[in-house]
DNA sequence: AGTTTCAGCGTACAACTGTACGCTTAATTT
DNA sequence: AAATTAAGCGTACAGTTGTACGCTGAAACT
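Chains as they are written, first to last, in our numbering: chain A, 11 to 212; chain B, 11 to 212.
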């Protein structure tokens with residue numbers, strides 16, 4: 011087999027192993043190089059052929075997670091084209107994602123408040139993509155000035171991530187409850203930003 | 011000296027040592043019993059005279075942190091008696107607290123999304139106190155039905171904690187900016203919940 | 001065909017971990 | 001005064017960690 015392909019394949023095995031280890035009771039900072047190697051089926055020292063550091067692996071995972079989320083956003087936007095509530099569809103898409111990719115979302119959540127400033131910054135960057143895309147949407151579709159649109163988008167993303175954290179610990183029926191409450195709370199923000207804007211103009 | 015007092019004193023040394031170690035780069039799950047003992051100035055094995063487990067220490071820290079936050083709430087409510095914006099005063103009190111007790115808030119943040127289900131539950135309980143007290147306030151002062159008041163309070167607390175997380179990584183001037191944005195975003199929710207309620211009635 | 005490259009392995013080591021066990025010593029009880 | 005209690009210590013041990021070093025064997029190149 012091609013050597014390059016082979017290398018990429020084991021690299022993927024490492025990434026997959028890391029995501030597998032990132033379960034309910036293990037944060038990325040807490041997993042050891044040796045555990046990852048064991049799970050990936052390689053020698054501990056072979057790890058270094060792919061990543062200089064365990065941190066480099068971590069940042070890769072955050073990047074991949076962010077990418078997955080952005081792809082999700084696109085999918086949600088496509089669904090909205092066909093009509094329906096923007097908020098409700100977005101929330102359901104999001105909840106579907108985190109229940110199907112628990113460890114991906116867990117990684118983002120944990121490293122967002124984690125112990126590595128580098129990781130925190132990486133996650134915040136991914137969240138900012140989220141916020142800015144939503145901000146653009148709000149600005150153009152709801153006809154709000156940029157600053158208000160941005161605050162609205164930021165608040166919404168905060169709520170969504172926070173509710174997502176709760177959803178991770180809940181069974182499917184509880185997730186549905188959380189989603190429904192979240193939808194109403196997002197409407198609060200939407201309505202509130204609008205009336206704040208109206209009041210400001212007069 | 012009294013033996014009981016002496017014991018309580020070293021116990022406090024352990025607690026203080028743990029909070030000291032809980033700095034920017036160290037989560038509670040990541041600190042070792044030996045580190046705590048070293049910082050507290052006792053032998054590693056002496057730790058067990060005070061806590062059965064390192065987890066027992068952790069839950070103690072969460073409890074103490076929650077207590078500190080509840081005391082803060084009372085202080086904020088007292089200040090509000092004298093008049094002024096409820097939201098603005100609460101936000102400023104909160105920000106003052108987390109900048110003066112960084113590690114206390116850090117503990118709550120990290121364990122909220124941490125790897126121990128027990129710790130997560132403990133933190134969520136503390137957050138719920140927050141939410142419920144605020145919910146009662148909203149219900150009685152803004153004349154909203156209980157369910158809407160609760161959703162409003164929950165959303166507000168989510169926003170406050172999320173903004174608090176950002177504030178931890180920021181310098182004083184950035185904290186001020188975050189606080190001001192947060193105040194507006196909380197107004198969004200307040201206004202939004204009100205018009206959601208109005209609309210619902212008709 | 002001969003040479004070079006390099007992914008992966010095995011061994012090795014020092015550092016650190018939690019905690020079992022028994023001792024000391026001073027406060028407390030009898 | 002004698003006996004008991006218990007906070008704190010020191011030693012010890014097995015387990016895990018990251019990573020330095022040199023080797024192997026097959027793919028890639030000349």
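Note that CB positions come from ideal geometry on N, CA and C, so glycine has one too.
Predicted model only: the values in this text are computed from it and were never measured.
Spatial neighbours of residue 145 of chain A in its own chain (CB-CB distance under 6 angstroms, excluding positions within 5 residues in sequence) are listed in chain order as 159, 160, 163. Between residue 186 of chain A and residue 122 of chain B, the alpha-carbon positions lie close to 21 angstroms from each other.
For residue 44 of chain A, no chain B residue has a C-beta closer than 7 angstroms to its own C-beta; the minimum C-beta separation is roughly 17 angstroms. Against chain A, the CB of residue 211 of chain B has no partner CB under 7 angstroms away; the residue lies outside that interface. Per the coordinates, the alpha-carbon of residue 195 of chain B lies some 21 angstroms from the alpha-carbon of residue 93 of chain B. For the pair residue 118 of chain B and residue 134 of chain B, the Cα-to-Cα distance works out to about 9 angstroms. Here DSSP, grouped into helix, strand and coil, assigns residue 195 of chain B to helix.
Check the Cα spacing between residue 30 of chain B and each of B/51, B/13, B/18: the tightest is with B/51.
The continuous alpha helix (DSSP H) containing residue 76 of chain B extends over residues 64–91. Chain-ordered, the chain A residues with CB closer than 8 angstroms to the CB of residue 34 of chain B read 125, 127. Take the alpha-carbon of residue 141 of chain A and the one of residue 98 of chain B: they are about 24 angstroms apart. When Cβ-Cβ separations below 7 angstroms define contact, residue 64 of chain A makes no contact with chain B. Counting every other CB atom within 10 Å of its CB across the protein chains shown gives residue 206 of chain A a total of 16 or more, marking it as buried. Assignment of residue 54 of chain A by DSSP, reduced to helix, strand and coil, places it in the helix class. Straight-line spacing of the CA atoms in residue 69 of chain A and residue 34 of chain A works out to 20 angstroms.
With respect to chain B, the C-beta atom of residue 88 of chain A has no partner C-beta closer than 7 angstroms. Shown here for residue 23 of chain B: same chain residues with a beta carbon closer than 6 angstroms to its own, the five before and five after excluded, namely 50 in chain order.
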